[in-house]
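Peer 1:
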Amino acid sequence: MYFLRTSKHIDPSKLGEFDGALRNALSSICNVQEPSGISAHDGRRLDGCTLIPWRAGRCLAWDVTVPGTLAERYVNLTSKECGLAAARAADEKMKKYGNALPSMEFLPICIEVFGPMDPNTLKFLKAICKMISVRSGDSRELFFATNHILCLLQRHLTERVLEMMMKKKMKKMKMKKTMKKKKKKKKKKKKKKKKKKKKMKKTMKKKMKKKKKKKKKKKKMRMIKKMLLLRTMK
């Protein structure tokens with residue numbers, strides 16, 4: 001699935017509710033989630049397919065994609081016209097799965113992060129909602145379905161924003177901790193340097209004292225020798 005430009009860490013299962021809503025809408029027709037034996041060249045399986053024929057004796061297979069409206073690969077398209085990101089994603093899905101499923105009717109369900117849909121998905125939603133409204137007797141089924149989809153999008157977008165905010169906070173906290181650790185290390189180094197300097201000064205003082213004592217002793221010895229010489233001379 002394609003997400004927002006900043007959504008590298010989103011779990012794909014979070015947006016699986018679109019697929020769940022679609023399976024609930026097709027509950028009258030038996031359907032399977034991620035059917036085995038039906039996959040593209042890269043081994044990836046579809047989101048679902050019907051077990052009973054949908055149209056012209058062919059079963060319906062679908063794959064849900066949610067392209068990011070502000071993603072780098074779609075910005076040039078979405079800045080010109082609304083819904084072009086969903087249309088491009090649908091074309092890519094058709095190239096990927098269209099030839100791999102000759103016995104089935106494949107439908108890419110593409111809804112952008114900010115709400116716009118692919119024309120084929122809109123037609124499909126309208127067709128399903130008409131069937132549901134015939135059973136329920138309520139003509140507002142399409143309105144309810146689109147509102148449900150938009151609520152799902154808003155909820156997952158808010159979750160993503162909160163995730164990003166939490167990650168930024170965690171990064172800041174880590175940066176602060178690392179900075180504190182660095183400051184502590186610097187302080188320790190400074191203290192060690194100071195201690196070394198003090199020790200060096202103490203050792204230097206001791207050496208100087210020893211030298212002075214030696215000089216004094218030498219002077220005394222000289223004076224004694226001189227005194228002795230003078231006495232002997234007398």
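Read in order, the letters of the sequence shown are residues 1 to 234 in full-length UniProt numbering.
Where a beta carbon is used, it is the ideal one built from N, C-alpha and C, also for glycine.
Fair warning: this is a prediction, and the values are worked out from it, not measured in the lab.
Please name the residue or residues paired with E105 in a DSSP beta bridge.
Peer 2: Paired residue(s): L60.
Peer 1: Which word fits G137, buried or exposed, when buried means at least 16 other C-beta atoms lie within 10 angstroms of its C-beta?
Peer 2: exposed
Peer 1: Tell me the DSSP bridge mates of C110?
Peer 2: T65
Peer 1: Can at least three beta-carbon pairs, one atom from the segment 125-140 and one from the segment 63-74, be found at a separation below 8 Å?
Peer 2: no
Peer 1: Keeping to the same chain, check which residues put their C-beta closer than 8 Å to that of F124; ignore five residues upstream and five downstream.
Peer 2: L107 and I109, listed in sequence order.
Peer 1: My output table needs one value for R140: the three-state DSSP class, helix, strand or coil.
Peer 2: coil
Peer 1: Starting from the C-beta of V113, find all residues in its chain whose C-beta is less than 8 Å away, skip the five residues before and the five after it, and write them out in chain order.
Peer 2: F3, L4, V66, P67, G68, T69, L70, L153 and L157
Peer 1: Should G83 go down as buried or exposed, given a rule of 16 or more other Cβ atoms within 10 Å for buried?
Peer 2: buried
Peer 1: With a CB to CB cut of under 8 Å and the five nearest residues on each side skipped, what residues in its chain are close to R55?
Peer 2: E105
Peer 1: Check K218 in the structure and name its three-state DSSP category.
Peer 2: helix
Peer 1: Short check: CB of D118 to CB of A90, under 9 Å?
Peer 2: yes
Peer 1: Quick check: what's the CA-CA separation for K216 versus K192?
Peer 2: 36 Å
Peer 1: Could you check how far apart the C-beta atoms of I149 and E141 are, in whole angstroms? I think they sit under 8 Å.
Peer 2: With a Cβ gap of about 13 Å, I149 and E141 do not count as contacting.
Peer 1: Mind checking P116: buried by the 16 CB within 10 Å criterion, or exposed?
Peer 2: buried
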